[in-house]
Amino acid sequence: MNNQKTALFIGVDGGGTKCRVRIRNQQGQICSDADGGPANIYSDFDAAISEIKKTLDHALSKLNTDQVLKSDIALGLGLAGIITLDDPVRVAQAFSEFKTVHVDSDAMISCLGAHAGKEGAIVIAGTGSAGLYRSNQKIYHIGGRGFRLGDEGSAARIGSEALRQTLLAADDLRPETPLTKYLLKKFDQDPAVITRFSIDAKGGDYGALAPHVFEFALKGDEVGLPIVKHAARALLDLAHALQKQGADRVALTGGLSKVMRPWIALEGDDPFSDPLYDPVDGAILLAGGSLA
C-alpha cells in the first residue's frame with residue numbers, strides 16, 4: 000500500500016442475535032462485510048465489545064490492502080443495550096484506536112438507514128421491538144424496554160410467551176397444542192429444563208424459538224396464532240404512536256420485518272414503507288460516510 004492514506008468508514012450493527020460490520024470507502028463503495036455473534040452491551044458489555052472487535056478485525060482482514068491503520072478509519076456503532084448517557088462514552092473508549100468513533104442505539108442507525116439519513120420513523124421488529132421518530136426538531140423514542148417488561152412485537156417476547164404457555168400446558172392449566180407439545184419435546188419433555196433455561200436465557204435465546212411459533216401459527220395453532228397476532232398488533236400500535244408525533248413515513252425494520260408484514264396486513268392496516276438502506280449503512284452514515 001502506498002503512503003497516501005485511504006479514508007474508510009466502518010458501520011457496526013450490534014444486536015441481541017448477531018453483529019454485522021460493513022466497510023465503505025470515501026466514494027461510498029462497499030469494500031467488505033462481516034457477520035458475528037450477539038453484541039448486546041446491556042446483556043454483557045465485555046462480551047459484546049469482544050464480539051464487535053472480532054467481527055471488525057474479520058472485516059478488515061478481507062480488504063485488498065497490505066496494511067490498514069485504524070487511526071485513519073471513522074467508526075460508527077449502533078448497538079442494542081444503549082440505555083444511559085454513559086453507555087456511548089464507555090463504548091467509544093473501547094475503540095479509541097480509531098480516528099473518530101460515533102456511538103448510538105441500534106434504533107438510531109436503523110432509522111438513519113431506512114430513510115437514507117433524512118427525516119422519518121421506524122418500527123423495529125427483531126430480537127427486541129421499539130419505535131423511533133427522527134426529525135429536524137426532535138428525536139422521539141417509544142418502547143424498547145426489553146422483553147421482560149415490554150417489546151411485545153419482538154422475537155424474544157414471542158419465544159418467551161410460547162414457553163410460558165408450554166409450561167401452563169405441562170401443568171394442565173391450559174389445553175396442549177401442537178406447538179406446546181413440540182416445545183416441551185425440545186426441552187426433553189421436562190418443565191424443569193425450561194425453568195433452568197429461563198434462569199440465564201437472554202433475549203436472543205428466546206428469540207431463537209420464534210420461528211417455531213410462526214411455523215405453528217400458520218397452521219392455526221391455538222397458542223401460536225394468538226401470540227403472533229398480538230405481536231402484529233403491538234407493532235401497529237408503535238407505528239400509530241409515531242404517526243401521532245408527526246411521522247409521515249414509517250419503515251418496518253429488523254429481522255422479523257419480512258415475516259411480520261403479512262400478519263400486520265391481516266390486522267387490516269399496513270402503514271409501513273420499505274427501508275431504503277439497512278441499519279449497517281445507517282451506521283456508516285453515523286460515522287460520516289456516504290452511500291453509493
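The sequence shown begins at 0 in numbering that gives the first Met the number 0 and counts up one residue at a time. Glycine is no exception: its CB is placed at the ideal position from the N, C-alpha and C atoms.
Does the Cβ of Asp236 lie closer than 7 Å to at least one heavy atom of the ligand GTP? Among the ligands in the structure shown, none appear at all, so the ligand GTP cannot be discussed.
Where do the N-terminal and C-terminal ends of the beta strand (DSSP E) with Val11 fall, by residue? Leu7 to Gly13
Which ranges would you report for the alpha helix (DSSP H) in the stretch 164 to 236 if only whole runs of at least 4 residues count? 177 to 185, 190 to 199, 202 to 206 and 209 to 216
Tell me whether Ser70 is buried or exposed, calling it buried when 16 or more other Cβ atoms sit within 10 Å of its Cβ. With a threshold of 16 other beta carbon atoms within 10 Å, Ser70 falls short and is exposed.
Which word fits Ile108, buried or exposed, when buried means at least 16 other C-beta atoms lie within 10 angstroms of its C-beta? That one is buried.
Do Leu208 and Pro190 have their C-beta atoms within less than 8 Å of each other? no
Between the CA atoms of Ala79 and Lys201 - distance to the nearest angstrom: Between Lys201 and Ala79, the C-alpha separation is close to 13 Å.
What is the DSSP secondary structure of Val100, counted as helix, strand or coil? strand
In chain order, what residues of the same chain have a beta carbon less than 6 Å from the beta carbon of Ile81, not counting five sequence neighbours either side? Only Ser104 meet the Cβ criterion.
In chain order, which alpha helix (DSSP H) runs of at least 4 residues are fully inside the stretch 101 to 147? 105 to 113
Per the DSSP calculation, Val250 is bridged to which residue(s)? What sits at residue 250 in the sequence shown is Ala, not Val. Note: Ala250 sits in a beta bridge opposite Ile121 and Ser272.
Checking 8 Å against the spacing of the C-beta atoms, do Arg154 and Thr252 come in under that value? Sequence check: residue 154 is Ala here, not Arg. No. Outside cutoff.
Check whether the stretch 28 to 46 and the stretch 212 to 232 are in contact - that is, three or more C-beta pairs closer than 8 Å. no
Thinking C-alpha only, which one of Asp171, Leu62 and Val122 is nearest Pro274? Val122
In three-state DSSP terms, what is Asp32? strand
With distance defined between alpha-carbon atoms, name the residue in Asn39, Ala47 and Val102 nearest to Ala73. Val102
Would you kindly work out how many angstroms separate the C-alpha atoms of Gln26 and Asp280, rounded to a whole number? 14 Å
Gln28, buried or exposed, once every other Cβ within 10 Å from all chains shown has been counted against 16: exposed
Rounded to the nearest angstrom, what separates Asn1 and Asn63 at their Cα positions? Model confidence at Asn1 stands at a pLDDT of 41, short of 50, so the residue's coordinates are unreliable and nothing is read from them.
Please tell me whether Ala33 and Ala58 are closer than 8 Å, where the distance is taken between their beta carbons. The answer is yes: Cβ separation under 8 Å.
Once DSSP output is grouped into helix, strand and coil, what is the label at Leu78? strand
Quick one: what does DSSP say Val20 is sitting in, helix, strand or coil? strand
So who's on the other strand from Ile72, going by DSSP bridges? Leu7
Same chain only: Cβ atoms within 8 Å of Gly287, ignoring 5 sequence neighbours per side: Phe8, Ala73, Gly75, Thr99 and His101
Pick from Pro210, Glu214 and Arg163 that is closest to Val192, judged by C-alpha positions: Arg163
Of the listed residues Tyr132, Ser49 and Lys52, nearest to Lys117 (C-alpha basis): Tyr132
If you draw a straight line from the alpha carbon of His239 to that of Ser134, how long is it in whole angstroms? 16 Å
Is the beta carbon of Ile317 sitting closer than 8 Å to the one on Val227? A query on residue 317 cannot be resolved here, the shown segment of the chain reaching from 0 to 291 and no further.
Should Gly119 go down as buried or exposed, given a rule of 16 or more other Cβ atoms within 10 Å for buried? Counting Cβ neighbours within 10 Å, Gly119 comes out buried, since at least 16 surround it.
Tell me the DSSP secondary structure of Pro37 in three-state form. Looking at Pro37 - three-state DSSP - the assignment turns out to be coil, as it is neither helix nor strand.
Measuring straight from C-alpha to C-alpha, what distance separates Gly149 and Leu68? Straight across, the Cα-Cα distance linking Gly149 with Leu68 is about 42 Å.
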